[in-house]
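Taking it in order: structure first as structure tokens, then the write-up.
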Amino acid sequence: MSGLRTSQLAAAAGVNVQTLRYYERRGLLAEPERTLGGHRLYPEGSVTVLRVIKAAQRLGFTLAEVAELLAGARVVSRRRADAGLRARVADKLAEVDTKLAELAAVRDTLASALAAGCEDLLACSESPSCPVSFDIAAHGASRSDGRAIGPLP
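The sequence shown begins at 5 in the working numbering and counts up by one.
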């Protein structure tokens, strides 16, 4: 039998042993063969799978999404069908763009609060010059004085 033992695979992929076992339980990493002594022996390709998982996570994919991507890739290798990666990446890119827009709105509001000299949230909430939204129910609603509340996500 040849392959990588758990510690070897973990070191080669830059993860810890608990991560390997967790990915196995989640079905992201195929259950390895075992030696007569019960030690796990992972195929060499497991290093690539782990690196793909970690790269996908860095790009914002959840483990559930990574599992779907890996399942699609496994089907593709058997049937030569489209794994749907382009569509999933486009969806993730749109999600990231939405988060960036929300963060930009938060940043702008914080910068406005700083420029307005807000020192105390309670006092600021009563000030018509405070740019911070204190209306939890509806973003973009108006204050009791009729002024619009700044856009916060």
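Cβ coordinates follow ideal geometry from the N, Cα and C atoms, glycine included.
It should be emphasised that the depicted structure is a prediction, and the values quoted were computed from it without experimental measurement.
Using CA atoms only, rank isn't needed, just tell me which of the options is closest to residue i.
| i | options | result |
| --- | --- | --- |
| Arg90 | Ala105, Val100, Thr102 and Leu73 | Leu73 |
| Gln61 | Leu32, Pro135 and Asp139 | Leu32 |
| Gly41 | Ala115, Ile140, Arg9 and Ala105 | Arg9 |
| Leu63 | Ala94, Leu125 and Ala77 | Ala94 |
| Tyr46 | Arg25, Ile57 and Leu13 | Leu13 |
For the alpha helix (DSSP H) containing residue i, name the first residue and the last one.
| i | result |
| --- | --- |
| Ser128 | Contrary to the premise, residue 128 reads as Cys rather than Ser in this sequence. Residues Leu125 to Glu130. |
| Val93 | Leu89 to Ala119 |
Measuring only the C-alpha atoms, how far is residue i from residue j?
| i | j | result |
| --- | --- | --- |
| Arg38 | Arg44 | 5 Å |
| Gln22 | Gly88 | 30 Å |
| Ala77 | Val110 | 38 Å |
| Ile140 | Leu54 | 42 Å |
Using the three-state DSSP reduction, which class does residue i fall into: helix, strand or coil?
| i | result |
| --- | --- |
| Leu45 | strand |
Within 10 angstroms of its Cβ, does residue i collect 16 or more other Cβ (buried), or is it exposed?
| i | result |
| --- | --- |
| Ala17 | buried |
| Leu107 | exposed |
| Phe174 | Residue 174 is absent from the model: the chain starts at 5 and stops at 157. |
| Pro132 | exposed |
| Ser6 | exposed |
Check whether the Cβ of residue i lies closer than 8 Å to any Cβ atom in chain D.
| i | result |
| --- | --- |
| Gly121 | Although the question refers to chain D, the structure presented lacks it and comprises just one protein chain. |
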